[in-house]
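Structure record follows, encoded as C-alpha cells.
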Amino acid sequence: KAGVTQTPRYLIKTRGQQVTLSCSPISGHRSVSWYQQTPGQGLQFLFEYFSETQRNKGNFPGRFSGRQFSNSRSEMNVSTLELGDSALYLCASSLEGSGRNTIYFGEGSWLTVV
Amino acid sequence: KNQVEQSPQSLIILEGKNCTLQCNYTVSPFSNLRWYKQDTGRGPVSLTIMTFSENTKSNGRYTATLDADTKQSSLHITASQLSDSASYICVVSGGPNFGNEKLTFGTGTRLTIIP
C-alpha cells in the first residue's frame, strides 16, 4: 500500500512569491493534516482537513491556507513568502482524524525562501 | 496550556547499549500518546500509540511505557544499533472536545549511536 506522497520534494522561492505544496494521502484515509518543522520550533500544526472541510487550524497567519479535494488529496498554499517560512513542510494522513488515529507522515517538502 | 516536554534534548551512546528517553505532558483531557522516530531529512515514522489503559507497548527493540497518573512516558531502546540514530518525538493527543482531539508535539530527543 502506497504511503503519503508529497510534491515537490525540494523547492527554492524568493521573498514575496507564493508556493503550493501537494499531498496525496494513503488510500482510504480521509484526514490530512499539515505541519511546519524548523530546527528551533520543532513540529508546528498548520491545519487539518477531513472530507474537504477544515477541521482544525493552528496559530499561523492567513498567508497559510489549504484545501482538500473530493479524492482526499490536499494542497497547502503560502502567499507573500517570507524568509522565516523556510522549513520542512510535512503532510500526514489518518483514517478518521489525527487526534484519534495514528498519523502517517510523508517525506516532506523542503522550502527555502531566499 | 497543553505542553509536552522531552528529556534529554540530546543523547550519545555506544552501539549495543540501552537507553531511555523521557516525556512529560500536561495535556488534558488525555486521549493517547505516541512516539515517533524521525531520521534526518525524512518524515517521522510511528513507533507506538498508547491509550489511557495501556501501561506498556513494544515494537521490536523499542518499548514505550505510560503512567497516566503522573503524566509521564518513556521510550526504552534495547541493544542500540547505528540505525537508531534519529530524533524521537513524543506526541500527545487530547482536549478539548471528544472526537476532535488535538496533537501536542514535544521538541524531540536527538539520539546519536556511535560505534
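Top line first, the protein sequences correspond to chains A and B. Residues in the first sequence are numbered consecutively from 155, following the numbering used here. Residues in the second sequence are numbered consecutively from 13, following the numbering used here. Where a beta carbon is used, it is the ideal one built from N, C-alpha and C, also for glycine. As the structure is a computational prediction, the values presented were derived from the model and not from experiment.
Contacts of residue i in chain A (Cβ-Cβ under 7 Å)
{"i": "Leu55 (chain B)", "result": "Looking at the sequence provided, one finds Gly at residue 55 (chain B) rather than Leu. Simply Leu244, Phe259, Gly260, Glu261 and Gly262."}
Per-residue contacts from residue i into chain B (C-beta, under 7 Å)
{"i": "Phe199 (chain A)", "result": "Leu115"}
{"i": "Gly253 (chain A)", "result": "Ser43, Ser105, Asn112, Glu113, Lys114 and Leu115"}
Chain B residues whose Cβ lies nearer than 8 Å to that of residue i
{"i": "Thr256 (chain A)", "result": "Arg46, Ser58 and Ile61"}
CB contact below 9 Å: residue i versus chain A
{"i": "Thr119 (chain B)", "result": "yes"}
{"i": "Ile101 (chain B)", "result": "yes"}
Coarse secondary structure for residue i, derived from DSSP in three states
{"i": "Gly238 (chain A)", "result": "helix"}
{"i": "Asp51 (chain B)", "result": "coil"}
{"i": "Ser187 (chain A)", "result": "strand"}
{"i": "Asp79 (chain B)", "result": "strand"}
{"i": "Leu23 (chain B)", "result": "strand"}
{"i": "Ser85 (chain B)", "result": "strand"}
{"i": "Ser219 (chain A)", "result": "strand"}
{"i": "Ser95 (chain B)", "result": "helix"}
CB contact check: residue i to chain B, cutoff 9 Å
{"i": "Gly196 (chain A)", "result": "yes"}
{"i": "Val284 (chain A)", "result": "One cannot answer for residue 284 (chain A) here, as it falls past the ends of chain A, which runs 155 to 268."}
Under 9 Å by beta carbon: chain B residues contacting residue i
{"i": "Asn213 (chain A)", "result": "In chain order: nothing, as chain B lies at least about 12 Å away."}
Residues sharing a beta bridge with residue i, DSSP
{"i": "Glu202 (chain A)", "result": "A:Ser187 and A:Asn210"}
{"i": "Leu165 (chain A)", "result": "A:Leu265"}
{"i": "Gly196 (chain A)", "result": "A:Thr192"}
{"i": "Glu17 (chain B)", "result": "B:Asn36"}
{"i": "Gly106 (chain B)", "result": "B:Phe42 and B:Lys114"}
Count the C-beta pairs between the stretch 178 to 188 of chain A and the stretch 240 to 257 of chain A that are closer than 8 Å, then say yes if the count reaches three, no if not. yes
Evaluate contact between the stretch 117 to 127 of chain B and the stretch 62 to 79 of chain B, counting only Cβ atoms and requiring at least three cross-stretch pairs below 8 Å. No, they do not touch.
Decide yes or no for the touch test of the stretch 70 to 82 of chain B against the stretch 210 to 227 of chain A: beta carbon pairs closer than 8 Å, at least 3 of them. no
When the Cβ atoms of the stretch 232 to 243 of chain A are set against those of the stretch 161 to 176 of chain A, are three or more pairs found closer than 8 Å? yes
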